[in-house]
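S.K.:
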Amino acid sequence: MLQDLDHKIIEDVLQGDGDKFGEIIGRYKNGVYSICMRMVGDAEEARDLSQETFIKAYNNLLKYNPEYKFSTWIFKIATNLSIDYLRRKKHQALPLDEKLSMPYDTASAEDMYLHRCNKDEIERVIQELPPDYKALVILYHKEGLSYQNICDVMKLPMSKVKNRLHRARSMLKERLKEIKEEESIWTAKELQS
Amino acid sequence: MDCKRASELTMKYFDQTINDFEKKELDCHITACSTCRLDFQWMREALEGVEELEDFEAPENFEIEVLEQLDLKRYEPKPVPSKIQFWLALTVPCVFAILSIGFYIRFGTIDWKDGYTGAVSFMRVIDLGNRMYGLLGLTGKALGETFFVFIKALKYMSAFLNSRMGIYMTIVAFLCSILVFTQYVLIKLTDVFGYRGGRSYEK
Ligand SMILES: [Zn+2]
């Protein structure tokens, strides 16, 4: 249903009604902006990248294959632009304190308890993943793309995608565990003092 | 079952490709092994956390800012010369050229003073056209004396040629010039070979 509407709009745009592209932007701006935001972790950059995404999509609209969902296609552009951006940025010197490095405290299993994660922690954990892994986690778990879609998007073989996503999950899990453990130690210390 | 197998099944679980039998297998191990249980729980915590994340709100005026950067006329249909137009453009001049040769063979070259009136009057019209061209050329020369005037003329001419009327006029002028040119060549040939076509007229 929604897909049909997308296709209808795109058809109109390709027929010369360029203004209609505004509707497409309206429908996907939050999704695209969120991907860029989570990929680069900076509002300014995310804005530029998501604008670039829509411009690129518009200029390449003839290349869009209606067999795929439009969201898959535009998320792919957003992801690729973000990864490119992160790669370019990596070559520039990063200020040392920009990388978050938390002291690693090993807490025993007894100290650890599970409680509802809050969003900030998840966001932070995603932020710390390497770009390719980040993209996989966002596309698969947040945007709900299938493995096949991701393979098409990232131009990677299935085995590699699966492998990376599995590793990404483990990293995510470990990092979340660490953060939670630190927090529980903190709370314990606060309570003692 | 060992812990390695359990971690594989955990991944399968989150890929949603796990079958009922494997699910039971995993369940069994997790209840028994606390390391794998914690791993599983943390994994679920993390991945469900990701799934539950909400979209960020795109900045204000996002659409407008993007639309401003787009060439909104990019996909506007441009008139493409059709195949019919192409063949027409090719055959019409050919027909005209053959017609010119036909006139020559049937009526011969023209003696402007006297002769076969039908053909002559027709050729006179063409001759008049020819003279007009000459006149136009002279005027053009006079205009072209100033460089700026020339540039301006070019500008107007291109505007004129790009207009629909201009295109028609150009086609007509082109066809006339073919006719005139063929006649000219044939007359020159007559001068050289002495043959005046199917009929010759006294001077
Ligand atoms: Zn185990």
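Chains as they are written, first to last, in this note's numbering: chain A, 216 to 408; chain B, 15 to 217. Note that CB positions come from ideal geometry on N, CA and C, so glycine has one too.
(1) Taking a cut-off of 6 Å, which residues have a beta-carbon closer than that to any heavy atom of ligand 1, in chain order?
(2) Does the beta carbon of valine 194 of chain B sit closer than 9 Å to a beta carbon anywhere in chain A?
(3) List the residues of chain B whose Cβ lies closer than 8 Å to the Cβ of serine 265 of chain A, in chain order.
(4) Cα separation between glutamine 197 of chain B and phenylalanine 188 of chain B?
(5) So the alpha helix (DSSP H) cysteine 47 of chain B belongs to, where does it begin and stop?
(6) Using 9 Å as the limit for Cβ to Cβ distance, is alanine 261 of chain A near chain B?
(7) Relative to chain B, which residues along the region 345 to 369 of chain A have a C-beta separation below 7 Å, given in chain order?
(8) Going along chain B, which residues have a C-beta under 9 Å from valine 255 of chain A?
(9) On the premise that isoleucine 337 of chain A lies in contact with leucine 67 of chain B, defined as a C-beta separation below 8 Å, what is that separation, rounded to the nearest angstrom?
(10) Of the residues that make up the region 375 to 395 of chain A, which ones have a beta carbon closer than 7 Å to any beta carbon in chain B?
(11) Which whole-angstrom value is the C-beta distance of valine 376 of chain A and lysine 291 of chain A, which I expect to be below 8 Å?
(12) Drop a sphere of 10 angstroms on the beta-carbon of phenylalanine 35 of chain B, count the other beta-carbons inside from all chains shown, and report buried for 16 or more, exposed for fewer.
(13) Closer than 9 Å, Cβ to any Cβ of chain B: which residues of the region 272 to 291 of chain A, in chain order?
(14) First and last residue of the alpha helix (DSSP H) that includes serine 374 of chain A?
(15) What residues in its chain sit with their C-beta under 8 Å from that of leucine 360 of chain A, if we drop five residues either side in the sequence?
(16) Can you pull the chain B residues whose beta carbon is under 9 Å from the beta carbon of tyrosine 248 of chain A, in chain order?
(17) Could you check if glycine 148 of chain B is buried or exposed, using at least 16 other CB atoms within 10 Å of its CB as the buried criterion?
(18) Pick helix, strand or coil for aspartate 219 of chain A, following the three-state DSSP scheme.
(19) Any C-beta of chain A sitting closer than 9 Å to the C-beta of alanine 20 of chain B?
(20) Between which two residues does the alpha helix (DSSP H) holding lysine 305 of chain A run?
(21) Buried or exposed: where does aspartate 16 of chain B fall if 16 or more other Cβ atoms within 10 Å of its Cβ makes it buried?
(22) How many Å lie between isoleucine 298 of chain A and phenylalanine 76 of chain B at the Cα?
(23) For my contact list, isoleucine 365 of chain A and leucine 84 of chain B are in at a C-beta cut-off of 8 Å; report their separation, rounded to the angstrom.
(24) Tell me which residue opens and which closes the alpha helix (DSSP H) that isoleucine 18 of chain B is part of.
(25) Taking CB distances under 9 Å as the criterion, tell me whether aspartate 29 of chain B reaches chain A.
(26) Between phenylalanine 54 of chain B and ligand 2, is there a pair consisting of the residue's CB and a ligand heavy atom that are separated by less than 8 Å?
(27) So with Cβ pairs under 9 Å, would you call glutamate 36 of chain B a contact of chain A?
(28) Would you identify the three-state DSSP class for serine 177 of chain B, choosing helix, strand or coil?
(29) Can you name the start and end residues of the alpha helix (DSSP H) that lysine 349 of chain A belongs to?
(30) What does leucine 229 of chain A touch in chain B if you count any residue whose Cβ is under 8 Å from its own?
(31) Counting C-beta neighbours from all protein chains within 10 Å, is the total for glycine 241 of chain A 16 or more, i.e. buried, or is it exposed?
(32) Taking only three categories from DSSP, how would you classify aspartate 234 of chain A?
(33) Which one of A:Gln363, A:Tyr362, A:Gln218 and A:Leu380 has the shortest CA to CA distance from methionine 57 of chain B?
M.R.: Looking at the coordinates:
(1) B:Cys17, B:Ala20, B:His43, B:Cys47, B:Thr49 and B:Cys50
(2) no
(3) Ala72 and Phe76
(4) 14 Å
(5) Careful: cysteine 47 of chain B lies outside any alpha helix (DSSP H) and carries neither H nor E.
(6) yes
(7) Val352, His356 and Lys357
(8) Simply none; closest approach about 12 Å.
(9) 6 Å
(10) His381, Arg384, Leu387, Lys388, Leu391 and Lys392
(11) The Cβ separation is near 13 Å, so there is no contact.
(12) exposed
(13) Tyr273, Asn274, Leu276 and Leu277
(14) 373 to 407
(15) Thr287, Phe290, Leu354 and Val368
(16) Asp69, Phe70, Glu71, Ala72, Pro73 and Phe76
(17) exposed
(18) helix
(19) no
(20) 285 to 306
(21) exposed
(22) 22 Å
(23) So it is not a contact: roughly 28 Å between Cβ atoms.
(24) In the sequence under discussion, the amino acid at residue 18 of chain B is lysine, which differs from the isoleucine named in the question. Start and end: 17 to 29.
(25) yes
(26) In the structure shown, ligand 2 is absent; the only ligands present are ligand 1.
(27) no
(28) coil
(29) 346 to 352
(30) Tyr89
(31) exposed
(32) helix
(33) A:Leu380
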